[in-house]
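One structure is given below, encoded as structure tokens.
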Amino acid sequence: MTHHKILMLCALLILFACVPVSSQTLPGNTPEATSVASAPTEEPVMDIFKKPLVTHIYTADPSAHVFEGKIYIYPSHDLDHDNLLTANNDGDQFDMEDYHVFSMENMHTLPVDHGEVLNVKDVPWASKQMWAPDAAFKNGTYYLYFPARDKQHIFRIGVATSKSPAGPFTPESSYIEGSFSIDPCVFIDDDGQAYIIFGGLMGGQLEKWQTGQFDPHGVGPKHNEPALGPRIARLAADMLRFDGPVQEILLLDEDKTPILAGEGEKRFFEASWMHKYNGVYYFSYSTGTGHQIAYAIGDKPTGPFVFKGYVLNPVTGWTTHHSIVEFQGKWYLFYHDATLSGGVDYKRNIKVAELTYNPDGTIQTIEP
Ligand code: FUB
């Protein structure tokens, strides 16, 4: 190559390097894509569905609500440890210590972490295991309901308050009198009456409360006997106390007979959620050993509820837990799995998917 040709080649290379990247032809970069990318007002829409919504910490048990025009998520905060020595059927591996709150402006941006809003060390009655919480708004106040073991290692349900949905939350000095077991969910009906629904088998200790008192030796019903149902109580106007007795919610099969304890793919295990759609009450829950989120419908919050099918098929990981919320005219299922940790049951991540009703009010099962 002559000296002249080398100079020409260098000049061409310099010229090419100065052309903006968007004008160069790159593999897979079509002219249409280039013109969309360069439009100053359009932002790419992120697809956040069925992907971990939070990746800087482990999160689970998402209770989602619309407060102040945004979605607020109240999840459990799984610890990043490998404490396998404590893994057992009592769920000691789920040894969470605090709560974070997250908010989402819309369904195409990831949630914002508002930081720690409550820590077990600040809850006078609690000793450990801050499990699945829920939140409610009434009387100009936000209420955070949460289960934890008390100083005798019995699960109780506590409440903490804030003037902001993003917390921080100030706990009451004692747990809600008469409360027990885990996974509180608060449903406020159209007439303003609030209900708290709760309960969970095995580690959640519901079997130990069948006499109305804590029986450390309590066991569940036999396989051919009606399964234990979730519990429900009315909340008093101040949202801090039960107003009346704790009742058992009866879950019926479609032939109107009680679901039996041996029906592991239908019976209630934990993770209560209640919502209303077209005037019908929907009670959804985890079947635990069946690993599905099932749902049943009824005509009042206290039931009975008739089994209808599944909201969510089994996810990666043993536990499954969810919430259902309407936001800007669409319905969403918030749930968790353990994909972020590669399947470690006690290191979970929250996700969201769109939920669709059929014309008859049944819910289309979501494949995670
Ligand atoms: O996160 C701890 C427990 O695992 C919850 O309370 C259950 O619902 C299950 O998700």
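Position in the sequence shown (from 1) plus 960 gives the number in the numbering used here.
Using N, Cα and C, we set each Cβ at its ideal position, and we do this for glycine too.
Bear in mind the structure is a predicted one, so any value in this text is a computation, not a measurement.
Which one of the options has the shortest CA to CA distance from residue i?
{"i": "Pro1261", "options": "Trp1278, Asn1273, Ser1232, Met1090", "result": "Ser1232"}
{"i": "His1281", "options": "Pro1218, Phe1294, Val1179", "result": "Phe1294"}
{"i": "Asp1151", "options": "Ile1117, Gly1239, Gln1252", "result": "Gly1239"}
{"i": "Pro1319", "options": "Tyr1237, Gln1173, Tyr1018", "result": "Tyr1237"}
{"i": "His1041", "options": "Phe1027, Met1056, Pro1128", "result": "Met1056"}
{"i": "Gly1159", "options": "Ala1298, Pro1093, Val1005", "result": "Pro1093"}
{"i": "Val1080", "options": "Val1072, Glu1132, Gly1100", "result": "Glu1132"}
{"i": "Leu1210", "options": "Tyr1255, Arg1201, Ala1024", "result": "Tyr1255"}
{"i": "Tyr1242", "options": "Ile1219, Phe1229, Asp1007, Val1285", "result": "Val1285"}
{"i": "Ala1095", "options": "His1025, Val1014, Pro1186", "result": "His1025"}
{"i": "Tyr1306", "options": "Thr1046, Ser1122, Lys1182, Lys1111", "result": "Thr1046"}
{"i": "Asp1052", "options": "Asp1073, His1016, Gln1089", "result": "Gln1089"}
{"i": "Pro1022", "options": "Gly1178, His1113, Ser1063", "result": "Ser1063"}
{"i": "Asp1050", "options": "Phe1009, Thr1276, Met1162, His1016", "result": "Met1162"}
{"i": "Tyr1102", "options": "Ser1134, Ala1086, Ile1148", "result": "Ile1148"}
{"i": "Gly1258", "options": "Val1072, Met1234, Trp1278, Gly1277", "result": "Met1234"}
{"i": "Pro1071", "options": "Asp1007, Gln1112, Asn1184, Arg1194", "result": "Asp1007"}
In the DSSP output, what is residue i paired with across the bridge?
{"i": "Asp1297", "result": "Asn1309"}
{"i": "Phe1287", "result": "Lys1290"}
{"i": "Asn1079", "result": "Asp1058"}
{"i": "Gly1269", "result": "Tyr1255"}
{"i": "Gly1118", "result": "Phe1106"}
{"i": "Arg1194", "result": "Tyr1155"}
{"i": "Ser1134", "result": "In DSSP, Ser1134 forms no bridge with anything."}
{"i": "Gln1207", "result": "Ile1192"}
{"i": "Phe1202", "result": "Leu1195"}
{"i": "Met1064", "result": "Ile1031"}
According to the Cβ coordinates, are residue i and residue j closer than 8 Å?
{"i": "Leu1078", "j": "Leu1104", "result": "yes"}
{"i": "Phe1267", "j": "Leu1188", "result": "no"}
{"i": "Gly1269", "j": "Ile1323", "result": "yes"}
{"i": "Phe1115", "j": "Gly1164", "result": "yes"}
{"i": "Trp1091", "j": "Phe1054", "result": "yes"}
{"i": "Met1199", "j": "Ala1126", "result": "no"}
{"i": "Pro1264", "j": "Asp1297", "result": "no"}
{"i": "Ala1120", "j": "Pro1181", "result": "no"}
{"i": "Val1146", "j": "Ala1108", "result": "no"}
{"i": "Phe1097", "j": "Phe1174", "result": "no"}
{"i": "Ser1301", "j": "Tyr1018", "result": "yes"}
{"i": "Gln1252", "j": "Pro1218", "result": "no"}
{"i": "Tyr1135", "j": "Trp1169", "result": "no"}
{"i": "Ile1157", "j": "Pro1190", "result": "yes"}
Relative to the ligand ADP, is the shortest distance from any of its heavy atoms to the C-beta of residue i smaller than 7 Å?
{"i": "Thr1019", "result": "The ligand ADP is not part of the structure shown, which contains the ligand FUB as its ligands."}
Taking only beta-carbon positions, decide if residue i is within less than 8 Å of chain C.
{"i": "Val1266", "result": "No chain C appears in the structure shown, which is made up of a single protein chain."}
Contact the stretch 1305 to 1319 vs the stretch 1245 to 1256: 3+ CB pairs below 8 Å: no
Inter-stretch contact (C-beta, 8 Å, three-pair minimum) for the stretch 1195 to 1210 and the stretch 1130 to 1143: yes
Inter-stretch contact at 8 Å, needing at least 3 Cβ pairs: the stretch 1024 to 1035 / the stretch 1052 to 1072: yes
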